[in-house]
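Q: I'd like to ask you about the structure that follows.
There are 2 protein chains.
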Amino acid sequence: MRVTYHKELDSISDGLVEMARLTGSAIGRATTALLDADVEFAESVISGDERIDQLQRDLEEKAIALLARQQPVATDLRVVVTSLRISADLERSGDLAQHLAKLARMRFPERAVPGDLHRTILEMGQLAQRLMAQAAEVLITKDVDAALKLERDDDRMDELHREVFHHLLDERWKHGVETAVDVTLAGRYYERFADHAVSVARGVVYLVTGEHADELPPPPVVVPDGPA
Amino acid sequence: MRVTYHKELDSISDGLVEMARLTGSAIGRATTALLDADVEFAESVISGDERIDQLQRDLEEKAIALLARQQPVATDLRVVVTSLRISADLERSGDLAQHLAKLARMRFPERAVPGDLHRTILEMGQLAQRLMAQAAEVLITKDVDAALKLERDDDRMDELHREVFHHLLDERWKHGVETAVDVTLAGRYYERFADHAVSVARGVVYLVTGEHADELPPPPVVVPDGPA
Numbered sequence: 001m002r003v004t005y006h007k008e009l010d011s012i013s014d015g016l017v018e019m020a021r022l023t024g025s026a027i028g029r030a031t032t033a034l035l036d037a038d039v040e041f042a043e044s045v046i047s048g049d050e051r052i053d054q055l056q057r058d059l060e061e062k063a064i065a066l067l068a069r070q071q072p073v074a075t076d077l078r079v080v081v082t083s084l085r086i087s088a089d090l091e092r093s094g095d096l097a098q099h100l101a102k103l104a105r106m107r108f109p110e111r112a113v114p115g116d117l118h119r120t121i122l123e124m125g126q127l128a129q130r131l132m133a134q135a136a137e138v139l140i141t142k143d144v145d146a147a148l149k150l151e152r153d154d155d156r157m158d159e160l161h162r163e164v165f166h167h168l169l170d171e172r173w174k175h176g177v178e179t180a181v182d183v184t185l186a187g188r189y190y191e192r193f194a195d196h197a198v199s200v201a202r203g204v205v206y207l208v209t210g211e212h213a214d215e216l217p218p219p220p221v222v223v224p225d226g227p228a
Numbered sequence: 001m002r003v004t005y006h007k008e009l010d011s012i013s014d015g016l017v018e019m020a021r022l023t024g025s026a027i028g029r030a031t032t033a034l035l036d037a038d039v040e041f042a043e044s045v046i047s048g049d050e051r052i053d054q055l056q057r058d059l060e061e062k063a064i065a066l067l068a069r070q071q072p073v074a075t076d077l078r079v080v081v082t083s084l085r086i087s088a089d090l091e092r093s094g095d096l097a098q099h100l101a102k103l104a105r106m107r108f109p110e111r112a113v114p115g116d117l118h119r120t121i122l123e124m125g126q127l128a129q130r131l132m133a134q135a136a137e138v139l140i141t142k143d144v145d146a147a148l149k150l151e152r153d154d155d156r157m158d159e160l161h162r163e164v165f166h167h168l169l170d171e172r173w174k175h176g177v178e179t180a181v182d183v184t185l186a187g188r189y190y191e192r193f194a195d196h197a198v199s200v201a202r203g204v205v206y207l208v209t210g211e212h213a214d215e216l217p218p219p220p221v222v223v224p225d226g227p228a
């Protein structure tokens, strides 16, 4: 009985890691699609989202079946309930990557992102993919410090998001309203994607400690021992 | 034991209805703040969001405690797990109302929404508030047909959202990029708010039928017997 139980719990955890990997890959490909006006990449993200949605449905069914059959208490219960919430974050992240890919497809063969924002959007895309890779790692290692670090790394996304607005509202903006609308939405999608990665990490903190991340003391500042 | 159990379940359900009422009220007030540049209304939405967040935390604690102590199975289990998901939708709706209020506050004493979009944004705000009121009612009545109707009513929100873009991208747009950015974000917030109201209703469908809303046959078309 306990063996089956732990097998089922592992299978849920594996499903979450797989979802995080797929959404991380999706945001990377969506960024390429957006910056290079690559419609095939865009299509792969758009059609690939169904797989992420399916994983979430499978995971939910497994979690509910496990709650019903195994009646977990305390920590195990927290794991199952938190996994449900994490899966919702990941499903939503996949949607946001898909929205970005749809922006790229809509403007094809033009580029949705003008040249003077290329670097900023590239950095947002890379950071989003990295945050999700960190979230996937945290799902595997259950490392609370790494989870809390994710929250600080997300600060950079907020800075980049502000850069986008700053750029848009600069009087030298010369790309017109359509591009401004695209860029506003793209910026928002990246920022939300990163929020969901942070939320996954927060879920792991809760899962391990039983405390919500915002109730924990801030992690100690450590001197880095090498290139990050 | 069963009496306590049903009392606890009722208390969770009451909490959801209260959250839906608060977010419905918040989106209504945020719309007024946005259209009238009323900064006091905006502040009330911004500070009021804490109450919605607190309700969600309380509700989560109750749900997890109930799962641990009462070990519900089948339908009851579905109710508790679905309630957790619904509470997340409602918490997020509150955030979106708060984002709208912050837009209003940021532009004060100017109006964030230009006159020629006043009617469209007003309709989006009213529809959002109405959809959430329907969702609250569905939470009380558990009426599956009413829940499915919400999904169709949300189609109007998508139309209005398209209207906003159409307007923004019209070459006669004369309000500049800053206003275009504000209106793009506002449109997106309303559309997401409505999606969450639909998601609440879908949750109720799942709760009652055990089927996800998108697996159900479409509801029969009925001839209305009076003014809608």
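For the record, the sequence lines run as chains D and X.
Here UniProt numbering is used: the first residue of the first sequence is 1, the next is one more, and so on.
Here UniProt numbering is used: the first residue of the second sequence is 1, the next is one more, and so on.
Here a beta-carbon is modelled for each residue, glycine too, at the ideal position from N, C-alpha and C.
Given the structure is predicted, the values throughout are model-derived calculations rather than measurements.
1) Specify the secondary structure class of R6 of chain D as computed by DSSP and reduced to three states.
2) Quick one: measure Cβ to Cβ for V208 of chain X and V164 of chain X, integer angstroms, because I've assumed they're closer than 8 Å.
3) If the criterion is Cβ atoms closer than 7 Å, does the pair Q129 of chain D and G203 of chain D meet it?
4) Rounded to the nearest angstrom, what separates E50 of chain D and I121 of chain X at their Cα positions?
5) Taking its Cβ as the centre, do 16 or more other Cβ atoms sit within 10 Å of L160 of chain X, making it buried, or is it exposed?
6) Looking at chain D, is there any beta carbon in it that lies within less than 7 Å of the beta carbon of T179 of chain X?
7) If you measure between the beta carbons of A104 of chain D and L34 of chain D, is that distance less than 7 Å?
8) Can you check whether the C-beta of A135 of chain D is within less than 7 Å of a C-beta belonging to chain X?
9) Do D89 of chain X and H196 of chain X have their C-beta atoms within less than 7 Å of each other?
10) Assign R51 of chain D to one of three DSSP states: helix, strand, or coil.
11) Using the rule of at least 16 other Cβ atoms within 10 Å of the residue's Cβ for burial, across every protein chain shown, is S93 of chain D buried or exposed?
12) So what does DSSP say about V17 of chain D, is it helix, strand or coil?
13) Cutting at 7 Å between CB atoms, please list the residues of its own chain near P114 of chain X, excluding the five before and the five after it.
14) Within 7 Å of any Cβ in chain D, is that where the Cβ of I86 of chain X sits?
15) Which bits of chain X does F165 of chain D rub up against, with CB to CB less than 8 Å?
16) Compute the distance between the beta-carbons of L139 of chain D and V198 of chain D, then report whether it is under 7 Å.
17) Using only the alpha-carbon positions, how far apart do D158 of chain X and Y190 of chain X sit?
18) Ends of the alpha helix (DSSP H) at E110 of chain X?
19) For V73 of chain D, which residues in chain X fall below 9 Å Cβ to Cβ?
20) Kindly list, in the order they appear in chain D, the residues whose Cβ is closer than 8 Å to that of R78 of chain X.
21) With respect to 6 Å, is the separation between the Cβ of A63 of chain D and the closest non-hydrogen atom of the ligand COA below this value?
22) I need the straight-line Cα distance from A26 of chain D to V3 of chain X, nearest angstrom please.
23) Looking at I86 of chain D: is its Cβ nearer than 7 Å to the Cβ of L168 of chain D?
24) At which residue ranges does the UniProt domain "PhoU" (16-103) of chain D contain complete alpha helix (DSSP H) runs of 4 or more residues, listed in the order of the chain?
25) Any beta carbon of chain X sitting closer than 7 Å to that of T82 of chain D?
26) Report yes or no: is there a C-beta of chain D within less than 7 Å of the C-beta of L168 of chain X?
27) Quick one: which residues of the region 173-207 of chain X get their C-beta closer than 7 Å to a C-beta of chain D? List them in chain order.
28) Using CA coordinates, which residue listed in D:V205, D:M124, D:V181 is at the minimum distance from D170 of chain X?
29) Flag this pair as yes or no: are the beta carbons of F41 of chain X and T32 of chain X separated by less than 7 Å?
30) Which residues bound the alpha helix (DSSP H) around K149 of chain X?
31) For E137 of chain X, which option in X:S11, X:L9, X:E8, X:E18 has the closest C-alpha, if you only look at C-alpha atoms?
32) Return the CA-CA distance between L127 of chain X and R162 of chain X, expressed in angstroms with no decimal places.
33) Any idea what DSSP makes of G187 of chain D, helix, strand or coil?
34) Identify the continuous alpha helix (DSSP H) that holds H118 of chain X and give its terminal residues.
35) With a cut-off of 8 Å on the beta carbons, I'd call I46 of chain X and K102 of chain X a contact; round off their distance for me.
36) Let me know the secondary structure DSSP gives H212 of chain D once reduced to three states.
A: A quick look at the data gives this:
1) The question names Arg, but residue 6 of chain D is His in the sequence shown. H6 of chain D: helix per DSSP, three-state reduction.
2) Rounded, the Cβ-Cβ distance is 34 Å, inconsistent with contact.
3) A distance of 7 Å or more separates the beta carbons of Q129 of chain D and G203 of chain D.
4) So the alpha carbons of these two residues sit roughly 32 Å apart.
5) Flag for L160 of chain X reads buried.
6) No, its Cβ sits nowhere closer than 7 Å to a Cβ of chain D.
7) Cβ atoms of A104 of chain D and L34 of chain D: closer than 7 Å.
8) It does not; no Cβ of chain X falls within 7 Å.
9) In this structure, D89 of chain X lies near H196 of chain X, with their beta-carbon atoms less than 7 Å apart.
10) Judged by DSSP in its simplified three-state form, R51 of chain D adopts helix.
11) S93 of chain D comes out buried.
12) Assigned with DSSP and collapsed to three states, V17 of chain D falls in helix.
13) If you ignore the 5 residues before and after P114 of chain X, its C-beta comes within less than 7 Å of the C-beta of H175, T179, all in its own chain and listed in chain order.
14) Residue-level contact by beta carbon fails for I86 of chain X and chain D, as no gap is shorter than 7 Å.
15) By Cβ distance, chain X contributes V181.
16) It is not a contact, given that the beta carbons lie outside the stated cut-off.
17) Straight-line Cα distance between these residues: approximately 10 Å.
18) Note, E110 of chain X: premise wrong, no alpha helix (DSSP H); not H, not E.
19) Correct list: L67, A68, R69, Q71.
20) Against chain D, the beta carbon of R78 of chain X has neighbours under 8 Å at I64, listed in chain order.
21) Because no ligand of any kind appears in the structure shown, any question about the ligand COA cannot be addressed here.
22) Here the alpha carbons of V3 of chain X and A26 of chain D stand approximately 48 Å from one another.
23) Contact flag unset, no.
24) For the UniProt domain "PhoU" (16-103) of chain D, the full-length alpha helix (DSSP H) segments reaching 4 residues or more read 39-70 along the chain.
25) Chain X, which has no Cβ nearer than 7 Å to the Cβ of T82 of chain D, makes this no.
26) So, interface residue.
27) Residues of the region 173-207 of chain X whose Cβ lies closer than 7 Å to any Cβ of chain D, in chain order: W173, V177, E178, A180, V181, T184, L185, R188.
28) Across the set D:V205, D:M124, D:V181, the C-alpha of D:V181 shows the shortest separation from the C-alpha of D170 of chain X.
29) At the C-beta level, F41 of chain X and T32 of chain X come within 7 Å of one another.
30) Looking at the DSSP string, the run of the alpha helix (DSSP H) that includes K149 of chain X is 144-168.
31) X:E18 is the residue among X:S11, X:L9, X:E8, X:E18 whose C-alpha sits nearest the C-alpha of E137 of chain X.
32) Straight-line Cα distance between these residues: approximately 15 Å.
33) Of the three classes helix, strand and coil, the one that applies to G187 of chain D here is helix, per DSSP.
34) Unbroken alpha helix (DSSP H) run through H118 of chain X: 118-141.
35) About 6 Å separates the two Cβ atoms, so the contact holds.
36) Three-state result, H212 of chain D: coil.
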